[in-house]
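**Q**
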Ligand SMILES: NC(=O)c1ccc[n+]([C@@H]2O[C@H](COP(=O)([O-])OP(=O)(O)OC[C@H]3O[C@@H](n4cnc5c(N)ncnc54)[C@H](O)[C@@H]3O)[C@@H](O)[C@H]2O)c1
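Pasting the structure below:
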């Protein structure tokens, strides 16, 4: 079960956190993994981890906000079976404390970056005779997360794009689903704490952990396992769905 032997997978933001865990498990299951990162340096740890155990991986320096660069990179990879649209950035603020610059930056990476990769991957999925797309959304797309205006707006768009793609390409054997994690312990979270709460990191870490009813943050590998299932032939009846992976956050907190 869950073999990806002979499949070619692209993972955006595959150099860190959730993307790294997904790239690693897909490679372990036999996929040839193509990591798209801001720079080759950001992809190097994932590349070493995969190739170190005999897996196949390649990396590309490509900013997902650059439309032409994304199209050229995907074309260069050739036929693609799996896309994990994972690259994303965080932002803290309510609507009145979100500057236009910050709003545009979050939208550019988290929405336009996802669009760019979707636009570029469809012709490459057709070359493979169909395939699977997973978009990384967030529980911010499902409930009102305090102080996350731009981020929530962007992740809501990711969830909506997922449904749109699932409908438009169902007859071309392309499945598209999204994953909505609650807090997962990655460099994304460490960076957030460092930037916003430099004086009380341990207390805030504890608070963020407790906000999941299960009492802790998720692990990147747990999101990786869900992504693997959704990419595999075992999930061939699943499309147009969003999968919360949240320690009970969206259902047990009220
Ligand atoms: N960690 C969480 O708690 C959490 C929760 C819900 C959703 N998510 C989502 O999961 C995804 C991954 O999060 P993470 O926590 O692993 O983050 P991370 O910061 O650890 O990793 C994100 C990676 O994306 C890359 N990246 C950022 N902008 C890019 C761009 N323009 N072009 C190419 N690569 C780019 C970064 O270099 C980085 O390696 C994001 O979309 C995030 O919104 C994370």
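In the numbering used here, the protein residues as written are 141 to 394. Glycine residues also receive a C-beta, built at the ideal position from the N, C-alpha and C atoms.
#1: Could you please give the first and the last residue of the uninterrupted beta strand (DSSP E) stretch that includes residue 285?
#2: If distances are taken between C-alpha atoms only, which option among 212, 360 and 169 comes closest to residue 372?
#3: Report the residue ranges of all beta strand (DSSP E) runs contained in full by the stretch 245-324; include only those spanning at least 3 residues, in chain order.
#4: Rank 274, 160 and 260 by C-alpha distance to the C-alpha of residue 187 and give the top, closest one.
#5: In the DSSP assignment, the beta strand (DSSP E) including residue 158 goes from what residue to what residue?
#6: In whole angstroms, what is the alpha-carbon distance linking residue 317 and residue 266?
#7: Per DSSP, which one or two residues make a beta bridge with residue 223?
#8: Quick one: grab the DSSP three-state call for residue 327.
#9: Using only the heavy atoms of ligand 1, determine whether one of them is closer than 7 Å to the beta carbon of residue 175.
#10: Is residue 226 a contact residue of ligand 1, with contact defined as CB to any heavy atom under 7 Å?
#11: Does the separation of the CB atoms of residue 325 and residue 359 fall below 8 Å?
#12: Check the C-beta distance from residue 198 over to residue 374 and give it rounded, since I have them as a contact under 8 Å.
#13: Can you have a look at residue 231 and say buried or exposed, based on whether 16 or more other CB atoms are within 10 angstroms of its CB?
#14: Would you list the one or two residues that DSSP bridges to residue 175?
**A** By the coordinates alone:
#1: Premise fails: residue 285 is in no beta strand (DSSP E) and is neither H nor E.
#2: 169
#3: 271-276 and 314-321
#4: 160
#5: Run containing residue 158: none in the beta strand (DSSP E); it sits in the alpha helix (DSSP H), 157-168.
#6: 18 Å
#7: 150 and 273
#8: helix
#9: no
#10: yes
#11: yes
#12: Going by Cβ atoms, the distance from residue 198 to residue 374 rounds to 26 Å, so no, they are not a contact pair.
#13: buried
#14: 151 and 199
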